[in-house]
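Per the working numbering, residue 214 is the first one in the sequence shown, and the count goes up by one each step.
Glycine included, C-beta positions come from ideal geometry on N, C-alpha and C.
Structure record follows, encoded as structure tokens.
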Amino acid sequence: MPVQDGGSKVAETRARVELLPTAVADKGRASSKKTRRRPKKASAAVAAAAAAAATALSPMQRLFDTSREVFSGSAPGFVPPADAVVRLSAILNDLKPHDVGVDTSMPCFKHADSKGPPPVTYLHFYDCSKFSFGIFCLPKSGVIPLHNHPGMTVFSKILFGSMHLKSYDWAKSSPESNDNALENSNGARLAKVNTDAVFDASAETIVLYPENGGNLHCFTALTPCAVLDVMGPPYNRADGRDCAYYDESPYSSSCGGDDQYSWLKEVPTTFEMKGIQMPRKFIVGRG
Numbered sequence: 214m215p216v217q218d219g220g221s222k223v224a225e226t227r228a229r230v231e232l233l234p235t236a237v238a239d240k241g242r243a244s245s246k247k248t249r250r251r252p253k254k255a256s257a258a259v260a261a262a263a264a265a266a267a268t269a270l271s272p273m274q275r276l277f278d279t280s281r282e283v284f285s286g287s288a289p290g291f292v293p294p295a296d297a298v299v300r301l302s303a304i305l306n307d308l309k310p311h312d313v314g315v316d317t318s319m320p321c322f323k324h325a326d327s328k329g330p331p332p333v334t335y336l337h338f339y340d341c342s343k344f345s346f347g348i349f350c351l352p353k354s355g356v357i358p359l360h361n362h363p364g365m366t367v368f369s370k371i372l373f374g375s376m377h378l379k380s381y382d383w384a385k386s387s388p389e390s391n392d393n394a395l396e397n398s399n400g401a402r403l404a405k406v407n408t409d410a411v412f413d414a415s416a417e418t419i420v421l422y423p424e425n426g427g428n429l430h431c432f433t434a435l436t437p438c439a440v441l442d443v444m445g446p447p448y449n450r451a452d453g454r455d456c457a458y459y460d461e462s463p464y465s466s467s468c469g470g471d472d473q474y475s476w477l478k479e480v481p482t483t484f485e486m487k488g489i490q491m492p493r494k495f496i497v498g499r500g
């Protein structure tokens with residue numbers, strides 16, 4: 214913020230002082246010097262405090278600080294306490310695209326090549342052993358295939374755009390009481406639909422958990438979309454928490470098809486995202 218220069222006021226004060234008798238003028242000059250020095254010190258202190266307060270209260274700083282608190286005890290299978298889920302969800306619900314530096318004019322939301330699938334870009338902001346967060350950028354018709362989040366709790370917030378979300382949880386029992394098979398002869402597992410709907414930026418934060426809430430999901434962008442994810446603990450191939458992808462096939466019971474269930478089989482995938490490391494607009498070492 215521009216700071217007005219007080220030089221003209223000081224000069225005016227000095228001119229008035231010089232019209233006084235010598236003894237009084239000398240005293241006035243001494244007093245004036247003290248007066249001029251103090252505001253400089255005070256201004257510097259106030260400016261530093263204001264800058265610190267602005268950083269501490271910035272949306273990105275609040276997101277980072279709250280995520281670090283919520284995931285302080287993160288480990289595979291960790292589920293944050295209910296009040297912590299509410300706090301982090303509230304931070305995400307208030308986020309606007311400009312708070313995190315994204316808008317629809319960015320190249321990652323464009324797709325000029327109609328022959329191939331639109332590429333998905335991941336804007337990476339932060340990760341550690343406890344949690345990570347970043348933004349998935351999908352051009353119109355972009356798809357993130359059906360995949361899992363092993364042992365993870367994930368907070369997802371759509372910043373702009375509209376997308377179709379389909380998610381599953383692994384079934385704990387078969388819809389037929391006389392059939393307890395949760396795996397078929399092809400090695401596919403039975404999963405129950407959690408969500409099958411369209412969401413946009415007006416939707417509140419979606420939270421999925423290690424065992425429920427839609428731990429397996431896929432996104433299809435109906436318009437250019439930006440989705441911010443906070444997840445903990447992050448994927449870690451060395452610890453056996455790599456991302457797996459799945460194909461769906463219909464589930465049929467003795468009574469016919471049941472669209473609330475599907476067989477999901479893990480498959481190899483060629484899906485890749487372009488990753489971009491983003492500048493941090495928050496302080497990691499605070500507190």
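Helix, strand or coil at residue i according to DSSP, with G and I counted as helix
i    : result
S244 : In this predicted model, S244 has a pLDDT of only 47, less than 50, meaning its place in the structure is not dependable enough to derive any value.
E282 : helix
P446 : coil
M365 : coil
A451 : helix
N407 : strand
D304 : Note on residue identity: the sequence assigns Ile, not Asp, to residue 304. Here I304 sits in helix by DSSP.
F373 : strand
A401 : coil
V420 : strand
D316 : coil
D326 : coil
A295 : helix
L351 : strand
F277 : helix
I496 : coil
Other residues of its chain near residue i: CB distance less than 6 Å, five sequence neighbours each side excluded
i    : result
C438 : L351, G374 and M376
P358 : C431, Y458 and F484
I489 : L336
G290 : G364 and P423
T408 : L378, S380 and G427
7 Å Cβ shell around residue i - same chain, five flanking residues per side excluded
i    : result
R275 : I304
P388 : S466, D471 and Y474
P310 : D316, L372, F373 and A439
Neighbour flag for residue i against chain C, beta carbons, 7 Å
i    : result
S271 : Of the chains in the structure shown, none is chain C; there is only one protein chain.
Own chain residues within Cβ distance below 8 Å of residue i, not counting five before or after
i    : result
K478 : N399, G400, A401, R402, Y459, D460 and S462
A410 : H377 and L378
Residue(s) in a DSSP beta bridge with residue i
i    : result
G488 : Y335
P463 : S475
H430 : H360 and S380
C438 : L351
Check: Okay, do the region 286-304 and the region 412-421 touch, 3+ Cβ pairs below 8 Å being the bar?
Finding: yes
Next item on the list: Please confirm if the region 437-452 is in contact with the region 336-344, defined as three or more CB-CB distances below 8 Å between the two stretches.
Entry: yes
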